[in-house]
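These notes concern the structure reproduced below.
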Amino acid sequence: MSAVRQSGTGVFSMNGREWSLLVACLLAVVIFSVASPHYANPGNAVTVLRNSVELLLIGLGMTLLLAMGGIDVSIGIVMGLAAIAIGRILGADGSPFVALVAGPLVGALLGCVTAAVVVLGRVPAIVGTLGLLGVYRTAVFALLGGQWLSGLPSSLTDLLATTVLGIPVPALVIALAYLIVWLALRRTPYGLHLLAIGNSEEKARLSGIPLIKVRFMTFVISGVLTGIAATFYVATYRNVEMSIGSTSALDAIAAVILGGTSILGGRCSLLGTVLGVLLLRILQNGLLLIGVPSLWQPVVTGVLIIGVLGFEAASNRLPLTRFQRARA
Amino acid sequence: MTAPFLVARNIAKRFGALTALADVDLEIRPGEVLALLGDNGAGKSTFIKVLAGAHPPSDGELLIEGKAVAFASPKDAAASGIATIFQELALSENLSIAENVFLGRELKRSIFGIPFLKRAEMRQRVDSLLQELDAHISDPEAPVGSLSGGQRQAVAICRALNLNARLVIMDEPTAALAVAETRKVLALTRRLAGRGCAVVLISHNISEVFEVADRIVVFRRGRKVAERLAAETNHEEVVSLITGAHPDVRALEKTN
Amino acid sequence: MLSQLRKVLAASALSLVAATAAHAADKHKVAFVPQLIGIPYFNAMEAGGNRAAKDLGVDFVYSGPVDTNPVDQLQIVQNLIDQGVEAVSVSVLDASSIAPVVESAKAKGIKLFTSDSDAPDSGRAVYVAQATDEGLGTTIIDELVKRVGEDATIGIVSGEATASNLNAWIGFMQKEAAAKYPKLKLLAPQFAGGTAERAAQISGDLMAANPDIKAIIAVASSTCPGVAQAIETAGKIGSVIGTGYCSPNTARSYLKSGAFGFTVLWDPEQLGYLTVWAGKQLIDGKSFEAENKIAGLDKPATYDAAKGILLLGPPAVFTKDNVDKFNF
Ligand SMILES: Nc1ncnc2c1ncn2[C@@H]1O[C@H](COP(=O)(O)OP(=O)(O)O)[C@@H](O)[C@H]1O
Ligand SMILES: [Mg+2]
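So, in structure tokens, the structure goes:
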């Protein structure tokens, strides 16, 4: 049995899963274009990309966390708290530039809180972040006082709606975030350490890796990315509702796993995450346009995840457990 | 006789109520292969984990070249020139050979204060190490998880060599190996000692031990019960020391 | 830890009740226990209750849980009963567990009734209702037809598919459309869950899939900002009217921008007034008329003796012209 090679040789080098996802995306686009006269137009393509921004940013961070053998189920609410900070600044007619800094800053701070609980407190990530999910939710509630921030001024929206060298700012930010995370993962000692920890924390410890530092840093990076996601959220929807981000963590985890990152850690694909997010969003958009009620969309994505993972497990291409690989 | 590289004094290790090690005194000398023998659960792995900085001792002290040291982590021990090949190998199956050999001590260059890996240099260094070991690995970029047991052992030894270690500790390196691979690893231990390295080897195979060891130490129930020069003992005596049938061991265990 | 904190807070809320109840023992006392304190909706009910208390010469006690915890709410109700508050009204959190409390109130001769949220089989004295499902469903369709005409396509964006009240409202919309406006085309309802993000995405997709769409109804209050935002982003202000069951505070900026033409809900201030009036009526042993003209209310309250429901009247319609008069 041959082990699966990390896709790591180039920024966009592709492995089998990534090709499958790309083909699936293209196939979906073709089918939707045939099925609905309103599907294939530039406006709709922009809509799909626009709808993907927050999940892409959160997904990149979640990829690192899962690759490390961690997880953060509270991350959607972290986005909510960062959004509240941004919303409050905008609501008080504050400078959009201050608002721009607030998102990543609050994200980083909450990343530190999560890391303090999970890493320093030695609580398993799923347990710790589940606990924090409750705490953060209550904080959202307390901060909003049962009332949404609605109809926020459009200063931040206008700022982020601009283009640089003809490229829309959101696309630029995503590209930059991808590149930075990719470099960190594949070109720095941090990335190696993260993957080693994901493979086996004990072995990583015996190899002399600074476990705490690496794990702490990863939660902070995920927090910063989520804070940036919050900035785009507020700029787009100009609104912070009580239930903000309640589905983001699970959506991100779904996209990341779909992208080929192992839920057990040690193996990840950033490009796969990007394609996973795009596939989810293409399906959500396209299914509605061809008249499938939104009620059925979670079913379609659920079946897709089970199908892809099930197929790969059956055909033994997915290293479902590292024990399988260890026996190779 | 050369001065010892490392001296262990009264080392004890307790896991809760369980005493895994008690009162272990040992000297480890450069250029010498020291074999640790003992039944399963005798405390051999625990002892070398203390030497490797993976477990802090509950009691006793370690001296390196006469100076007391306290290791907080395997990194500290590595910095003092101790390289350990753990029984469970501690290799990351998902990383490549070069990545494993350098893991935790990567070669890097700083760009705008950010450390980037010197990947080409690490590759080259590992290629020459593998050549030196006469290890045949077709694809050095392949994840270690896809290698055979002997190949993995070679990677772990590469890791130790790369550290320029003064003391190399190997915990049952040949346990999972085929005959030809075992030969290679044994030859390698001698070569390490020949370079002036101190080598500690744990093995269950007594004839193998006699082949390479200069000195033999026997552990029983967490205690060091005997120490012999390989030239001055034989297969039967070592077996009786391990099983506890030897009169010396009986006498010792009666007094305790 | 969190639940402990909650208990402490609930306990302090109780002692607060005790303090206010002990004070001014001369007047009749009417209490209202909301689902949750500190949110604008119930604040508005409290304000209405206070206004009624002043007009009618009773003492108004307002106390409720700090979290939507049914057990805390029951404790507060029980405490009010023990203190001998003569009429206690509750916006019920858990309809199945309130019956024993009603029993203990009856045993002490205390009038226990429901307001805002009912427990129909509990034996409560009366239910003070804000609006009927039918009223809400038909009002929004009638108001829409006034604005876009009968020959129109209309989208519906709801929240969770499992919310029975939302589904009831949609049911009455469809009934009204079928009965009165045969040419009106109501699209199948879409379900956005709880987030504005998803509601905006679905609304955008609905507009893309149905270029002739004239209006979108936000059924769940959580979908209001998303629907409005999507209309603004698509540049469809003026050609697509947004509406829904949205509070004035949530909809204010959208009503003013034109993304929303109107919203439909009831006025909780009036509901609070009616609640205290009903409590006074019960204490005085007076029965309700089929139609009750009340000096402090805009419209007469109707009483359904068979169901024991005192109804505030038809729902309120909020537009850009009257929205600033409300704060909830
Ligand atoms: N981390 C640990 N926690 C608790 N007990 C341990 C641990 N490591 C080893 N032991 C116990 O210590 C004793 C010695 O184990 P070990 O050193 O692995 O023996 P050996 O390598 O000689 O076979 C055994 O009883 C083992 O169960
Ligand atoms: Mg062992």
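Residue numbers (the working numbering), protein chains in the order written: chain E, 1 to 328; chain D, 329 to 584; chain U, 585 to 912.
Don't be surprised by glycine CBs; every beta carbon is placed ideally from N, CA and C.
S831/U: not part of any beta strand (DSSP E); DSSP gives it neither H nor E.
The shortest C-alpha to C-alpha distance from T746/U to any of P773/U, K759/U and G828/U is the one to P773/U. E54/E: member of the alpha helix (DSSP H) spanning P42 to A67, first to last residue. Of the candidates L130/E, P124/E, I86/E and P298/E, the residue whose Cα lies closest to the Cα of L283/E is P298/E. Of all residues in the region 243-274 of chain E, only S243, I244, S246 and T247 place a beta-carbon less than 7 Å from a beta-carbon of chain U.
For R238/E, the chain U residues whose Cβ falls inside 7 Å of its Cβ are Q813, in order along the chain.
Shown here for K695/U: same chain residues with a beta carbon closer than 6 Å to its own, the five before and five after excluded, namely A671, A709 and L866 in chain order. With a threshold of 6 Å, the Cβ atom of S373/D counts as near ligand 2, since some heavy atom of the ligand is closer than that.
Shown here, D462/D sits in coil according to DSSP, grouped into three states, outside any helix or strand. Using a Cβ distance threshold of 7 Å, G286/E and G259/E do not count as a contacting pair. Inter-residue distance for Q147/E and V741/U is about 21 Å (C-alpha atoms, whole angstroms). The beta-carbon distance between D717/U and V676/U, rounded to whole angstroms, is 17 Å. This is too long to meet the 8 Å contact definition. Q415/D has its Cβ nearer than 6 Å to a heavy atom of ligand 2. The CB of G788/U comes closer than 7 Å to the CB of T47 in chain E, given here in chain order. Here S222/E carries a helix assignment [DSSP, helix/strand/coil]. For M62/E against A229/E, the beta-carbon gap comes to about 11 Å, at or over 8 Å, which does not count as contact. P443/D has a beta carbon lying within less than 7 Å of a beta carbon in chain E.
The CB of P402/D comes closer than 8 Å to the CB of R205, L206, S207 and G208 in chain E, given here in chain order. Note on R186/E: 16 or more other CB atoms within 10 angstroms of its CB, so buried under the neighbour-count rule. Around L520/D, no beta-carbon contact reaches into chain E at under 8 Å, the shortest distance being about 20 Å. Cβ atoms of V181/E and L172/E stay farther apart than 8 Å, at about 15 Å. Placement of the Cβ of N368/D at a distance of less than 6 Å from at least one heavy atom of ligand 1 is found. When Cβ-Cβ separations below 7 Å define contact, S466/D makes no contact with chain E. Exclusion of the five residues before and after F399/D leaves G381 and A405 as the residues of its chain whose Cβ lies within less than 6 Å of its Cβ. A745/U has a beta carbon lying within less than 7 Å of a beta carbon in chain E. The residues R17, E18, G259 and G260, in chain order, have a CB closer than 6 Å to that of G272/E in the same chain once the five nearest residues on each side in sequence are set aside. Relative to ligand 1, the beta carbon of F343/D is positioned inside 6 Å of a heavy atom. Within chain E, no C-beta atom comes nearer than 7 Å to that of E734/U; the closest sits roughly 24 Å away.
Residue range P189 to N199 is occupied by the alpha helix (DSSP H) that includes I197/E. In this structure, DSSP gives G826/U an extended state, which the three-state scheme calls strand.
When the beta-carbon positions are compared, V224/E and G107/E come within less than 7 Å of each other. A Cβ of chain D is located within less than 7 Å of the beta carbon of A196/E. Membership of L149/E in any beta strand (DSSP E) is not indicated, and neither H nor E is assigned to it by DSSP. Short of 8 Å from the beta carbon of V803/U, and not among the five residues preceding or following it, lie these beta carbons of its own chain, in chain order: I740, V741, S742, G743, L750, W753, I754, P773, G828 and Y829. In the three-state reduction of the DSSP assignment, L295/E falls in the helix class.
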